[in-house]
Amino acid sequence: MTEPVLALSGVRKAFGALRVTDGVDLALAPGELHALIGPNGAGKTTLVHQISGMLRPDAGSIRFRGAEITGFTPEKRARAGLARTFQITSTIASLSVLENVALSVQARASHPLALFRNAAYDEALNRPAWAAIEAVGLTERAHVLAGRLSHGEKRALEIAMALTLEPAAILLDEPLAGVGREEGERLISLLASLKGRYAMLLVEHDMEAVFALADTVSVLVYGRVIASGDPAMVRADPAVREAYLGEEG
Amino acid sequence: MTTSLLIVQILNGLQFGILLFLVAAGLTLVFGVMDFINLAHGVQYMLGAYLAVTFVGLTGNFLLGLALALAAALLIGLALEFLVFRHLYERDHLDQVLATFGLILLLNQGVKIIWGAAPLSVPVPEFLTGSVRLMDGILYPVYRFALIGSGLAVGGLLWFIVEKTRTGMLLRAGASNASMVSALGVDIRKLFMVVFAFGTMLAGFAGAMAAPILSVEPGMGDTVLILAFVVIVVGGIGSIRGAFVGALIVGLVDTLGRSFMNDLLRLFMSAPSARATGAALSSMLIYLVMAIVLFVRPEGLLPAKGRS
Amino acid sequence: MSLAPAPADVALAEAARPAAPPRRRPLIAILLFLTLAAMPLAVSLGVPAHWLTLVTRAMIFAIAALSLDLILGVGGLVSFGHAAFIGIGAYATGIMITEGRSEALLILPVILAACALFAAITGAVSLRTRGVAFIMITLAFGQMAYFLAQALSAYGGDDGLTLYERSTLAGFKPFANRTSFYYVTLATLAGCYALISTIVASRFGRALRAARENATRVTVTGYDVGRIRLVAYVISGMIAGLSGFLLANQTDFVSPAFISWQRSGELIFMVVLGGVGSLHGAIIGALAYLFAEDVLSGWTEHWRVIFGPLIVLFVLFTRGGLVGIIGKLASRFGSRRDD
Chain A
1 MTEPVLALSG VRKAFGALRV TDGVDLALAP GELHALIGPN GAGKTTLVHQ
51 ISGMLRPDAG SIRFRGAEIT GFTPEKRARA GLARTFQITS TIASLSVLEN
101 VALSVQARAS HPLALFRNAA YDEALNRPAW AAIEAVGLTE RAHVLAGRLS
151 HGEKRALEIA MALTLEPAAI LLDEPLAGVG REEGERLISL LASLKGRYAM
201 LLVEHDMEAV FALADTVSVL VYGRVIASGD PAMVRADPAV REAYLGEEG
Chain B
1 MTTSLLIVQI LNGLQFGILL FLVAAGLTLV FGVMDFINLA HGVQYMLGAY
51 LAVTFVGLTG NFLLGLALAL AAALLIGLAL EFLVFRHLYE RDHLDQVLAT
101 FGLILLLNQG VKIIWGAAPL SVPVPEFLTG SVRLMDGILY PVYRFALIGS
151 GLAVGGLLWF IVEKTRTGML LRAGASNASM VSALGVDIRK LFMVVFAFGT
201 MLAGFAGAMA APILSVEPGM GDTVLILAFV VIVVGGIGSI RGAFVGALIV
251 GLVDTLGRSF MNDLLRLFMS APSARATGAA LSSMLIYLVM AIVLFVRPEG
301 LLPAKGRS
Chain C
1 MSLAPAPADV ALAEAARPAA PPRRRPLIAI LLFLTLAAMP LAVSLGVPAH
51 WLTLVTRAMI FAIAALSLDL ILGVGGLVSF GHAAFIGIGA YATGIMITEG
101 RSEALLILPV ILAACALFAA ITGAVSLRTR GVAFIMITLA FGQMAYFLAQ
151 ALSAYGGDDG LTLYERSTLA GFKPFANRTS FYYVTLATLA GCYALISTIV
201 ASRFGRALRA ARENATRVTV TGYDVGRIRL VAYVISGMIA GLSGFLLANQ
251 TDFVSPAFIS WQRSGELIFM VVLGGVGSLH GAIIGALAYL FAEDVLSGWT
301 EHWRVIFGPL IVLFVLFTRG GLVGIIGKLA SRFGSRRDD
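Chains as they are written, first to last, in full-length UniProt numbering: chain A, 1 to 249; chain B, 1 to 308; chain C, 1 to 339.
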């Protein structure tokens with residue numbers, strides 16, 4: 001088996017007496033789309049925060065591309081090639097779509113903070129930015145301010161920003177949350193088009209999307225992974241049906 | 001440096017710290033509950049002192065004058081709240097800073113027009129004159145003890161209100177989560193007004209109590225305001241306990257620094273250069289303390305719960 | 001990698017891209033600088049000569065306000081201690097002239113180094129906090145600089161320091177003559193404006209602007225937001241130091257009052273008065289502020305009683321500052337394509 005891009009082992013996090021992450025082991029293989037599902041309050045977002053470095057686990061280790069990153073700051077993880085999107089969309093509202101993506105391109109450029117060269121007309125930034133914008137289907141909206149985008153378009157923009165980081169793995173925190181049906185379908189086909197090219201950890205509530213997209217599904221309940229594997233196998237797992245899917249149907 | 005001088009200076013530091021606490025408590029409360037930064041809070045302190053000058057002069061009675069001064073300070077504070085502050089609660093901090101800065105310009109100058117630019121004073125009340133003999137050769141004025149005592153009493157009362165009453169519970173809840181409080185069905189506007197009135201009274205009280213021992217002059221509130229900021233930052237924004245600890249630290253460090261820095265430096269350098277360096281160092285001392293505290297704990301020593 | 005499509009596709013894709021909106025030229029800024037450049041001419045045609053001094057002073061403060069706008073308007077950091085940098089610049093100038101070193105080419109490097117050092121140290125501490133705490137801490141550091149100046153008894157202490165000569169610049173004496181002083185100040189202002197505009201439009205500026213709005217996003221994109229802000233803070237402090245050099249030369253005097261916290265408050269007001277984050281707004285704000293001060297203080301020594309409430313009313317009832325108002329008027333009288 002190939003070495004996983006991202007591997008969590010024994011990750012723990014407690015807020016006071018509440019154990020939100022209770023010894024999670026998880027592995028993300030290259031090119032794999034790994035879905036993380038679980039009922040509300042299972043600790044999915046908390047786990048994503050720990051992987052992206054916005055929260056620090058109490059115990060356990062997070063390895064990324066073979067290196068220990070548990071102590072890294074979020075910006076260091078991003079530079080190492082770990083990108084993420086947010087449950088509540090997070091873009092720069094007063095910058096255009098192109099500028100948002102270029103900001104992300106710039107982070108990986110040779111002089112990310114050059115002081116004197118104009119950035120808006122910098123082809124070294126704009127060329128890769130356009131490519132990412134075209135990949136997510138926002139070409140027509142490239143000069144619109146991010147704040148004026150629809151919800152689904154903001155999700156797509158976030159994904160474009162993640163792509164330009166040339167990531168080895170992307171964390172997607174509920175990309176379909178709050179998105180309408182039509183835009184949702186467009187996002188699902190976008191994710192499907194990225195599948196195989198990037199390792200993705202997808203946190204999602206939309207079961208239809210999860211079972212359509214995922215190579216592997218892990219189920220998180222009360223901070224523990226209670227099942228992990230092939231979608232069909234997970235769907236059939238009695239413990240999962242009881243703890244989670246049962247509630248749905 | 002002698003032991004007796006040290007004791008006297010520690011008492012002075014305590015007394016200064018208590019004054020700072022009274023000002024900082026209102027400021028931190030208003031900020032913690034309302035997310036409102038009120039630069040004009042120092043002006044409330046100044047108004048308390050000036051009103052004490054006027055009312056003690058008119059009535060010839062310190063306690064009566066103090067009560068009237070407090071009432072008047074409260075009225076002015078409520079008028080300002082009605083006219084200006086309540087329109088600023090929803091604004092960003094920049095707007096709040098600027099508008100209250102404008103009020104400072106107005107009130108500092110207004111005080112100059114009404115009371116004149118020359119320093120004024122309030123006589124120490126008859127029943128609090130004289131000194132207490134602490135030990136051989138150490139006398140300490142009764143009034144300053146009274147100030148420390150009344151400050152501690154107000155601090156105790158404040159602690160009781162915030163920790164033990166329903167209003168206090170709402171205040172603490174509001175400090176960490178204002179929308180939750182309004183979800184409880186509490187009239188936020190009314191709560192804000194009570195908090196504000198209370199903070200105003202505390203600052204006014206501090207000013208009135210300081211009037212007999214400090215010179216009452218325009219701009220006296222500005223210095224106190226900035227020191228109160230240091231207190232709040234050191235103690236942790238929004239935290240009454242933090243304000244208390246921070247105030248004592250700032251009061252003691254500043255007072256002791258000013259009186260002993262020279263002597264300390266003279267151990268290493270000549271008298272004139274010790275005097276020059278000492279003057280510079282002692283006035284910077286509390287800011288250095290603040291910087292060190294922030295460097296170690298950016299959220300302050302005793303931050304309010306639920307705030308990070 | 002996989003994002004790079006074949007060259008033929010690129011040509012196709014480029015054709016499908018919508019055109020960029022036209023580059024906006026800051027027309028107001030150009031008009032502003034033209035007007036300022038014509039000012040000495042206007043004086044020779046009969047405008048009161050006193051205005052030249054006033055506008056020089058206003059431009060000096062405009063440099064400081066401009067530098068403040070970089071961190072306050074562009075970076076979103078409300079610094080309430082910016083006068084400290086003017087003070088450092090002014091005191092460095094005053095002390096060096098008193099010590100017989102009046103050459104600007106000697107003084108300016110000292111100012112830039114001192115301001116950078118002060119900004120780096122105080123910035124490193126205060127940028128550990130956000131929002132209101134940042135306001136309070138910068139205020140406190142400003143006050144620290146104030147007391148330090150008061151304690152400089154060898155250089156006037158509380159009373160300030162009178163300068164008996166002005167700086168030279170590479171041996172010339174441009175500060176000795178009112179008109180040449182005016183033009184040196186204007187050139188400095190224009191240079192600072194060009195520099196800061198360039199920085200705002202650069203990669204660094206883009207990251208700084210983005211961090212004002214959404215620091216979390218900028219962080220997870222791979223930037224060290226704290227360092228970006230610190231660099232902006234240092235640049236801003238150094239530019240403000242230049243205004244201190246000019247101020248000391250113009251007033252022939254340096255005093256702790258230059259560093260008072262009211263001064264810092266006034267600088268913030270200049271920026272807000274003109275329009276936060278627009279850069280030329282800070283210049284307009286400084287000009288408007290000094291003219292208002294000049295007019296009001298001509299009426300009464302208690303001009304602050306009028307000025308204070310004006311600030312309050314301005315904050316309560318206007319948005320976007322003078323630049324915003326000018327923009328609204330312009331679009332009302334100009335084309336209505338945008339409506």
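C-beta: ideal position from N, C-alpha, C; glycine also.
Residues that residue i bridges to, as DSSP identifies them
{"i": "A:ALA227", "result": "A:VAL219"}
{"i": "A:ALA83", "result": "A:ILE170"}
{"i": "C:THR162", "result": "C:PHE253"}
{"i": "A:ALA27", "result": "A:ALA7"}
{"i": "A:ALA59", "result": "A:ARG12"}
{"i": "A:ASN118", "result": "C:SER202"}
Host alpha helix (DSSP H) of residue i (start-end)
{"i": "residue 345 of chain B", "result": "Coverage of chain B is limited to positions 1 through 308, which leaves residue 345 of chain B absent and any answer about it impossible."}
{"i": "A:LYS76", "result": "74 to 80"}
{"i": "A:MET54", "result": "Unbroken run through A:MET54: none, as it is neither H nor E."}
{"i": "C:PRO40", "result": "27 to 44"}
{"i": "B:MET135", "result": "No alpha helix (DSSP H) contains B:MET135, which is instead part of the beta strand (DSSP E) from 131 to 135."}
{"i": "C:PHE85", "result": "83 to 98"}
{"i": "A:LEU36", "result": "Run containing A:LEU36: none in the alpha helix (DSSP H); it sits in the beta strand (DSSP E), 33 to 37."}
{"i": "C:ILE259", "result": "It is not in any alpha helix (DSSP H) - C:ILE259 carries neither H nor E in the DSSP assignment."}
{"i": "residue 369 of chain B", "result": "Only positions 1 to 308 of chain B appear in this structure, which leaves residue 369 of chain B out of reach."}
{"i": "A:HIS151", "result": "151 to 164"}
Any chain C beta carbon closer than 7 Å to residue i
{"i": "A:LEU115", "result": "yes"}
{"i": "B:LEU106", "result": "yes"}
{"i": "A:SER104", "result": "yes"}
{"i": "B:SER308", "result": "Annotation note: pLDDT 39 at B:SER308 (below 50); position unreliable, coordinate value reported separately. Output row for B:SER308: interface = no."}
{"i": "A:ASN118", "result": "yes"}
{"i": "B:PRO272", "result": "no"}
{"i": "B:SER121", "result": "no"}
{"i": "B:PHE21", "result": "no"}
{"i": "B:PRO298", "result": "yes"}
{"i": "residue 255 of chain A", "result": "As displayed, chain A neither begins before 1 nor continues past 249, which places residue 255 of chain A out of reach and without an answer."}
Residue i: CB within 6 Å of a non-hydrogen atom of the ligand ZN
{"i": "B:THR167", "result": "Absence of the ligand ZN from the depicted structure is noted, as is the absence of any ligand whatsoever, leaving it without description."}
Any C-beta of chain A under 7 Å from that of residue i
{"i": "C:THR219", "result": "yes"}
{"i": "C:TYR223", "result": "yes"}
{"i": "C:PRO109", "result": "no"}
{"i": "C:ALA119", "result": "no"}
Closer than 7 Å to chain B by CB, residue i
{"i": "C:ARG128", "result": "yes"}
{"i": "C:VAL323", "result": "no"}
{"i": "C:SER2", "result": "Note that C:SER2 has pLDDT 46, beneath the 50 cutoff, so the model's placement of it is unreliable and the number below is only indicative. Not closer than 7 Å to any Cβ of chain B, the Cβ of C:SER2 fails to qualify, so no."}
{"i": "C:ARG304", "result": "yes"}
{"i": "C:ILE95", "result": "no"}
{"i": "C:ILE137", "result": "yes"}
{"i": "C:SER297", "result": "no"}
{"i": "C:PHE134", "result": "no"}
{"i": "C:ALA151", "result": "yes"}
Where the beta strand (DSSP E) containing residue i begins and where it ends
{"i": "A:LEU8", "result": "6 to 15"}
{"i": "A:ILE69", "result": "From DSSP, A:ILE69 is part of no beta strand (DSSP E); its letter is neither H nor E."}
Reduced DSSP category for residue i - H, G, I as helix; E, B as strand; rest coil
{"i": "B:ASP254", "result": "helix"}
{"i": "B:ARG189", "result": "helix"}
{"i": "A:MET200", "result": "strand"}
{"i": "C:SER2", "result": "Its pLDDT being 46, under 50, C:SER2 is placed unreliably in this model, and the value from its coordinates should be taken loosely. The answer is coil: DSSP assigns C:SER2 none of H, G, I, E or B."}
{"i": "A:SER96", "result": "strand"}
{"i": "B:ASN262", "result": "helix"}
{"i": "A:ASP237", "result": "coil"}
{"i": "C:THR221", "result": "coil"}
Contact list for the region 194 to 206 of chain C against chain A, Cβ threshold 9 Å: LEU195, THR198, ILE199, ALA201, SER202, ARG203, PHE204, GLY205, ARG206
Interfacial residues, the region 12 to 33 of chain C to chain A, with Cβ spacing under 7 Å: ALA13, ALA16, ARG17, PRO18, ALA20, PRO21
Cβ-based contacts, 7 Å cut-off: residues of the region 171 to 185 of chain C near chain A: none
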